Amino acid sequence: MAKQLFPLVVYYYHHAPPRPDKDCTIPAIPLHSFSFIMIEWLLDQSNATSAFCQQNIMSLTLELMSDSYLLENEVVDGLILNLFALGQGIKRREPQQRRLVYTTYDDTLLDHGDMHLSKMACLHLVSALCPYLGADLCSKHCVPVLESFWNDSIFYVRKEVALTISSLAPHLDEDVLTQRLIPIFEQLCKDATWHVRHNSLIALPTLCDLVSHDLKVRLVGPCVQRFMNDLSQQVRFKLAELIGALIVKFLPKDWESSRAPGNVPAPLVEFFLSLGNQSRHEPGQHRLEDDMVLLCAFNFPAALLTVGASAWDTEFKDVYMKLAKDHQVKVRTSLAHSLHEISRILGPEKTERDLVHIFALYLMDVDQVKACVLDHLAAFLQGLPDHSRQEYLPVLSEIWEGLDDNYRLREVFTEQLDACLVFCSLDQIIDQILPLTAQATKDSIAIIRNNAAILIHHIVQIFHDHVDQFDKSMAILIDHIHTLTTSSQYHHRLLYVTICQHLISAEDLTLETWAKWLTPGLFPLVKDPVVNAIATVTLTLQSSSCKQIQSMT
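Have a look at this one:
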């Protein structure tokens, strides 16, 4: 029924709004005409009905945002405050008369189950509607709801209050937040029921975004010290999940420009590193601590970035080395995926000293780990000192040879070769990159061959920037790929044509240069036994003719 009636409710509010002014010509409807039925739906035993009702109340509130009178009287007074009164036992429902009535001191009709359900519905509604109500209405009407319910005897009401804090806090003035909401939060952090402490912890990152640095330190330090030793395993694990987000909250506001480290309270750093210290090299029965180790690995770049590279040798390095050899593939995978980020934070010297051997180790690991290293191969190599990079580039051929049985890794590798062109010298491109590119042109997988064709295009563009060595460089390149034209495999011959097509479209390569170096390989393909090859060669030569005509005009 809610699905059929709610559109009518919205229609009446939109077209026949009640007005306090006497001269209003629009037909008025009494205030709270629909409050009872909407509250009935919110308190319905069917979760689907109550959820649908809440969703539509949000839509209705959005419609009424431009009308402060309706917003306060119908949404706040009619729904939130009536649910608040039901939860406190000040009012009760009379289904027969379809109304809410005030209760007496000794009212025997009071339904305590209905009261608890009303409290939950009220808190849900506050969480959902506070973004639309504004700071004044939230301070005036929503904060008192939390102030009344935070010490409720029913733990799941207190649990919901803790969640509501994170929804309501961003929509309050700073004074109201610090003087009225945070004291509630601090009390809930000490609650005897772990569910309440768990939800309080969820609200902590949101509060950190809204308060001053000093208050943030006062909140976070004691919370971490309390929760890291909590009797509940679930609370300790939730702290492990959030520790990275909490540490990042201490980055300076001007970090984008200053790149200065943050002033992170010691308990946060200590707890974070304690997670990594639980790493083990030999597999065994799965423990919750193993999941916490993964969380440490995942958050390591963010934590190190916030604390600063100066803490690497004294605090972070030993833990990182333990994590790097953890028995869990998912831990090593996470570290491999962020290895280039750690390198960027530490700088070239520490990368060469501490990370290169981890990089080499992961390149020999299982494919899942190896893939994550290869995804950021160029970024890691770029972070090395020049002399170390020069020593490591020849190893690329060994890496390629180790990818014979995994074409997806070869695909990633060719993409990373392209990214390596940015920091390679001309000699390094010719000696290290070009031979690997030539091997990729003969790969059995089409996407890898196509990557190689694009890579050759980019290499030729670099050759063009070195005019004095252009002819020598092009001669070496043609020597590498000329066997494609005489290959017995059709897709090799076709790839040569594809390379020619890429290069003819390049504006920085003249037609004469293209014709000098590439057409000798095209002419034999005019008589290719495969018709498609002949057609492709014809189209390529036609493109070159069009380009010549355009240059003449």
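The sequence shown begins at 1 in UniProt numbering and counts up one residue at a time. Don't be surprised by glycine CBs; every beta carbon is placed ideally from N, CA and C. Only a predicted model underlies this, so the values are computations on that prediction, with no experimental measurement involved.
Checklist entry - Taking the Cβ atom as the reference point for each residue, do Gly-308 and Pro-261 lie within a distance shorter than 7 Å? => result The residue given as residue 308 occupies position 308 in the sequence shown. The residue given as residue 261 occupies position 261 in the sequence shown. Less than 7 Å divides the Cβ of Gly-308 from the Cβ of Pro-261.
Checklist entry - What residues in its chain sit with their C-beta under 8 Å from that of Val-369, if we drop five residues either side in the sequence? => result Taking the sequence shown and counting its residues from 1, the one referred to as residue 369 is at position 369. The answer, listed in chain order, is Val-329, Arg-332, Thr-333, Ala-336, Tyr-362.
Item to check | Enclosing beta strand (DSSP E) for residue 560 [first to last residue] | outcome: Residue 560 is absent from the structure shown; the chain starts at 1 and stops at 553.
Next on the checklist: Using 7 Å as the threshold, is the C-beta distance between Gly-276 and Val-217 below it?
Outcome noted: Position 276 of the sequence shown, counted from the start, is the residue given in the question as residue 276. Position 217 of the sequence shown, counted from the start, is the residue given in the question as residue 217. Judged by beta-carbon spacing, Val-217 lies beyond the 7 Å limit of Gly-276, meaning their Cβ atoms are not closer than that value.
Checklist entry - Using the C-alpha atoms, what's the distance from Ile-154 back to Asn-299? => result Position 299 of the sequence shown, counted from the first residue, corresponds to residue 299. Position 154 of the sequence shown, counted from the first residue, corresponds to residue 154. Asn-299 and Ile-154: Cα-Cα distance of roughly 36 Å.
Checklist entry - Hey, Leu-421 and Leu-436 are a contact pair by Cβ (cut 8 Å); roughly how many whole angstroms apart? => result Residue numbering aside, residue 421 sits at position 421 when the sequence shown is read from its first letter. Residue numbering aside, residue 436 sits at position 436 when the sequence shown is read from its first letter. In this structure Leu-421 does not touch Leu-436 by the C-beta definition: roughly 12 Å separates them, more than the 8 Å allowed.
Checklist entry - If you compare alpha carbons, which of Thr-104, Leu-133, Asp-427 is closest to Gln-469? => result Within the sequence shown, residue 469 is the residue found at index 469, counting from 1. Among Thr-104, Leu-133, Asp-427, the Cα nearest to that of Gln-469 is on Asp-427.
Next on the checklist: Suppose only complete runs of 3+ residues qualify. What are the beta strand (DSSP E) ranges in the region 420 to 473, listed by chain order?
Outcome noted: Within the region 420 to 473, no complete beta strand (DSSP E) run reaches 3 residues.
Item to check | Leu-215 versus Val-264 - alpha carbon distance | outcome: Looking up residue 215 in the sequence shown gives position 215. Looking up residue 264 in the sequence shown gives position 264. Straight-line Cα distance between these residues: approximately 13 Å.
Next on the checklist: Suppose contacts are defined by Cβ-Cβ distances below 7 Å. Is Val-196 in contact with Thr-164 by that definition?
Outcome noted: Residue mapping note: residue 196 aligns to position 196 of the sequence shown, counting from 1. Residue mapping note: residue 164 aligns to position 164 of the sequence shown, counting from 1. Not a contact, by the Cβ cut-off of 7 Å.
Item to check | Range of the contiguous alpha helix (DSSP H) that encloses Arg-332 | outcome: Locating residue 332 in the sequence shown gives position 332, counting from the first residue. Its alpha helix (DSSP H) spans residues 329 to 346.
Checklist entry - By Cβ distance, which residues of its chain are closer than 6 Å to Ala-419, with the 5 residues on each side in sequence left out? => result Residue numbering aside, residue 419 sits at position 419 when the sequence shown is read from its first letter. Contacts found: Ala-378.
Item to check | For His-116, the nearest candidate out of Glu-241, Tyr-102, Glu-289, Ser-148 (CA to CA) | outcome: For the purposes of this step, residue 116 is identified with residue 116 of the sequence shown, where counting begins at 1. Nearest Cα to His-116 within the set Glu-241, Tyr-102, Glu-289, Ser-148: Ser-148.
Checklist entry - So which of Ser-343, Asp-386, Gly-402, Ala-303 has the shortest CA-CA distance to Met-364? => result Position 364 of the sequence shown, counted from the first residue, corresponds to residue 364. Ranking Ser-343, Asp-386, Gly-402, Ala-303 by Cα distance to Met-364 puts Gly-402 first.
Checklist entry - Cys-189 to Asp-152, Cα distance in whole Å? => result If you number the sequence shown from 1, residue 189 lands on position 189. If you number the sequence shown from 1, residue 152 lands on position 152. Going from the Cα of Cys-189 to the Cα of Asp-152 covers about 15 Å.
Next on the checklist: Please report the straight-line C-alpha distance between His-466 and Met-474, rounded to a whole angstrom.
Outcome noted: As a working note, residue 466 is residue 466 in the sequence shown. As a working note, residue 474 is residue 474 in the sequence shown. Note on geometry: alpha-carbon atoms of His-466 and Met-474 lie some 11 Å from one another.
Next on the checklist: For Asp-254, tell me which candidate among Ile-454, Thr-306, Gly-113 has the shortest Cα-Cα distance.
Outcome noted: Here residue 254 refers to the residue found at position 254 of the sequence shown. Of Ile-454, Thr-306, Gly-113, the residue nearest in Cα terms is Thr-306.
Next on the checklist: Given this structure, state the Cα-to-Cα distance separating Leu-129 from Leu-42, to the nearest angstrom.
Outcome noted: Taking the first residue of the sequence shown as position 1, residue 129 is located at position 129. Taking the first residue of the sequence shown as position 1, residue 42 is located at position 42. Straight-line Cα distance between these residues: approximately 14 Å.
Next on the checklist: Classify Ser-200: buried if its beta carbon has 16 or more other beta carbons within 10 angstroms, exposed otherwise.
Outcome noted: Within the sequence shown, numbered from 1, the residue matching residue 200 stands at position 200. Ser-200 is classed as buried because its beta carbon has at least 16 other beta carbons within 10 Å across all chains shown.
Item to check | Residue range of the alpha helix (DSSP H) that includes Lys-216 | outcome: Looking up residue 216 in the sequence shown gives position 216. Where Lys-216 is concerned, the enclosing alpha helix (DSSP H) stretches over 213 to 227.
Checklist entry - Applying the criterion that 16 or more other CB atoms from any shown protein chain within 10 Å of the CB defines a buried residue, is Met-228 buried or exposed? => result As a first step, residue 228 is located in the sequence shown; it is residue number 228 there, counting from the start. Result: buried.
Next on the checklist: Nearest by alpha-carbon distance to Lys-325: which of Leu-381, Val-366, His-340, Ile-429 is it?
Outcome noted: Here residue 325 refers to the residue found at position 325 of the sequence shown. Ranking Leu-381, Val-366, His-340, Ile-429 by Cα distance to Lys-325 puts Val-366 first.
Checklist entry - What residue from Ala-85, Phe-423, His-482, Asp-313 has the CA that sits closest to Ile-345's CA? => result For the purposes of this step, residue 345 is taken as residue 345 along the sequence shown, with counting starting at 1. The candidate whose alpha carbon is nearest that of Ile-345 is Asp-313.
Item to check | Cβ distance (whole Å) where Leu-79 is taken to contact Ser-35 below 8 Å | outcome: Within the sequence shown, residue 79 is the residue found at index 79, counting from 1. Within the sequence shown, residue 35 is the residue found at index 35, counting from 1. Right, the Cβ-Cβ distance comes to about 6 Å (below 8 Å), so this counts as a contact.
Item to check | Val-76 beta carbon less than 7 Å from that of Leu-168 | outcome: As a working note, residue 168 is residue 168 in the sequence shown. As a working note, residue 76 is residue 76 in the sequence shown. In this structure, Val-76 does not lie closer than 7 Å to Leu-168 by Cβ.
Checklist entry - Around the C-beta of His-198, are 16 or more other C-beta atoms found within 10 angstroms, so that it is buried, or is it exposed? => result By 1-based counting over the sequence shown, the position of residue 198 is 198. If you draw a 10 Å sphere on the C-beta of His-198, you find 16 or more other C-beta atoms in it, and that means buried.
Checklist entry - Taking C-alpha atoms, which residue in Cys-122, Met-65, Pro-144 lies nearest to Gly-87? => result Within the sequence shown, numbered from 1, the residue matching residue 87 stands at position 87. The option with the nearest alpha carbon to Gly-87 is Cys-122.
Checklist entry - In terms of DSSP beta bridges, what is Glu-94 paired with? => result One-based indexing of the sequence shown puts residue 94 at position 94. Under DSSP, Glu-94 forms a beta bridge with Arg-99.
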